[in-house]
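Written out below as structure tokens is the structure these notes cover.
Number of protein chains: 2
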Amino acid sequence: MQTEVRELLKKSRLSITDSRQRILDLFLRTEGALSHADIEKRIADGIDRVTIYRTLQVFEEKGIIHTIPSADNSIKYALCKEDCAEGHHHDNHVHFVCDSCSKTICLDHVHVPDIKLPKGFYPRESNMVVSGVCSECL
Amino acid sequence: MQTEVRELLKKSRLSITDSRQRILDLFLRTEGALSHADIEKRIADGIDRVTIYRTLQVFEEKGIIHTIPSADNSIKYALCKEDCAEGHHHDNHVHFVCDSCSKTICLDHVHVPDIKLPKGFYPRESNMVVSGVCSECL
DNA sequence: GTAACTGCAAAATATTTGCATCCTT
DNA sequence: AAGGATGCAAATATTTTGCAGTTAC
Chain H
228 MQTEVRELLK KSRLSITDSR QRILDLFLRT EGALSHADIE KRIADGIDRV TIYRTLQVFE
288 EKGIIHTIPS ADNSIKYALC KEDCAEGHHH DNHVHFVCDS CSKTICLDHV HVPDIKLPKG
348 FYPRESNMVV SGVCSECL
Chain A
228 MQTEVRELLK KSRLSITDSR QRILDLFLRT EGALSHADIE KRIADGIDRV TIYRTLQVFE
288 EKGIIHTIPS ADNSIKYALC KEDCAEGHHH DNHVHFVCDS CSKTICLDHV HVPDIKLPKG
348 FYPRESNMVV SGVCSECL
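Here the protein sequences come in this chain order: H and A.
The numbers in the first sequence follow this note's numbering, run straight up by one, and end at 365.
The numbers in the second sequence follow this note's numbering, run straight up by one, and end at 365.
Now the structure itself:
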């Protein structure tokens, strides 16, 4: 397994276990976001389902991955870029879900625009998900 | 039960049943969005859980309500305004989730801005959820 | 009367928790 | 050695499906 994976875990002060390495490695090798089910499917020789739940939770708390909201009861997770820190996400980019291949992609360079809210509303965090057709499915 | 409820159902060519009237009435009386669980809790003398699932599904198909994506595996539903039609939602407004009272509110007058996507990406629909503090929780 | 809707039971899924064991540091 | 992580079993919770009885039109 790559050194990169171990470095990432070390940076987050997480012990370097086999499951964590394999799950994080999968994220690094995957373009686009992964759901719990995706991970279960794609890690051949099984990590326990419960361990996946716990790993995703820890990774999210540590700012290694962030969640992408969805309207179909299936949260997806994607790697955070450098500017995420423990307990403090800055996944301030637009997410794209392809209607055709149903991949979910972080458009890291497309920022969520600031919104003028009505009087009395104070924003903390914005999330934007655009669906349509991705560049590979034209 | 109000005439408004029956009119709405009639307009969508749905038969006017007790469950549908009560669920739709709840939406009309509620500010903000409702999850399946909310509905179950707030309709005192129980409608079957399964009926609630099926009713929400039909309402969504008919353009009476729309879903609001979330990052916690709990879809919320909110009434559509006039411009939603069968199989064709235009809930093109920003949704606000209050961190304090955790209400989800449709900001009907705040439109989701158009986004400039990278080459090759074609948008069909955008969703935006802003969280923070709402005007009642200041 | 007929098609559509509902409730119940049950199946299928998904998520959480407790605990004994194993692994990392 | 000690604390944390994992797997397993089991408890909960959520969603889906089939079907028989009921209701709207």
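Note that the Cβ used here is the ideal one computed from N, Cα and C, for glycine as well.
On a predicted model such as this, the values are computed, not experimentally measured, just so you know.
Using a C-beta cutoff of 9 Å, does A:ASN300 count as contacting chain H?
-> yes
Decide if A:CYS328 is buried, meaning its Cβ has at least 16 other Cβ atoms within 10 Å, or exposed.
-> exposed
Nearest to H:LEU306 (by Cα), restricted to the options H:ALA298, H:ASP299 and H:GLU288 | H:GLU288
Partner residues on chain H for A:ASP326, Cβ-Cβ distance less than 7 Å | ARG351
Within chain H, partners of A:THR384 - CB distance below 9 Å = What the structure shows of chain A is the stretch from 228 to 365, and residue 384 of chain A is not part of that stretch, so it cannot be assessed.
Cα-Cα separation, H:GLY347 to A:VAL360 = 8 Å
Alpha helix (DSSP H) containing H:LYS266: first to last residue?
-> First, the residue type needs correcting, since residue 266 of chain H is Ile and not Lys in the sequence shown. Run containing H:ILE266: 263-269, per the alpha helix (DSSP H) assignment.
Residues of chain H with a CB under 9 Å from the CB of A:LYS346: which are they?
-> SER362
Exposed or buried, which one is H:LYS303 when buried takes at least 16 other CB atoms within 10 Å?
-> buried
Ordered along the chain, which non-local residues of its own chain (more than five positions away) have a Cβ less than 7 Å from that of H:ARG276?
-> GLU267
H:GLY359 - partner residues in DSSP beta bridges = H:CYS325 and A:PRO350
Indicate, with yes or no, if the ligand SAM has a heavy atom lying under 8 Å from the CB of A:ASP326.
-> Ligands displayed in this structure: none; no statement on the ligand SAM is therefore possible.
Could you check the C-alpha separation between H:ILE243 and H:ARG249 for me, to the nearest Å?
-> 10 Å
Boundaries of the alpha helix (DSSP H) in which H:ASP245 is found, first to last residue = 245-256
Answer with buried or exposed for A:GLY273, where buried requires no fewer than 16 other C-beta atoms within 10 angstroms of its C-beta.
-> exposed
Outcome for A:THR282 when other beta-carbon atoms lying within 10 angstroms are tallied against a minimum of 16 = buried
In this structure, does DSSP put H:VAL337 in helix, strand or coil?
-> strand
What is the DSSP secondary structure of A:LEU241, reduced to helix, strand or coil?
-> coil
Go ahead and label H:HIS336 buried or exposed: buried means 16 or more other beta carbons lie within 10 angstroms of its beta carbon, across all protein chains shown.
-> exposed
Run the CB neighbour count on A:ASN354, radius 10 Å, all protein chains shown included, and call it buried at 16 or more, exposed below.
-> buried
Would the beta-carbon of H:VAL324 fall within 9 Å of that of H:SER358?
-> yes
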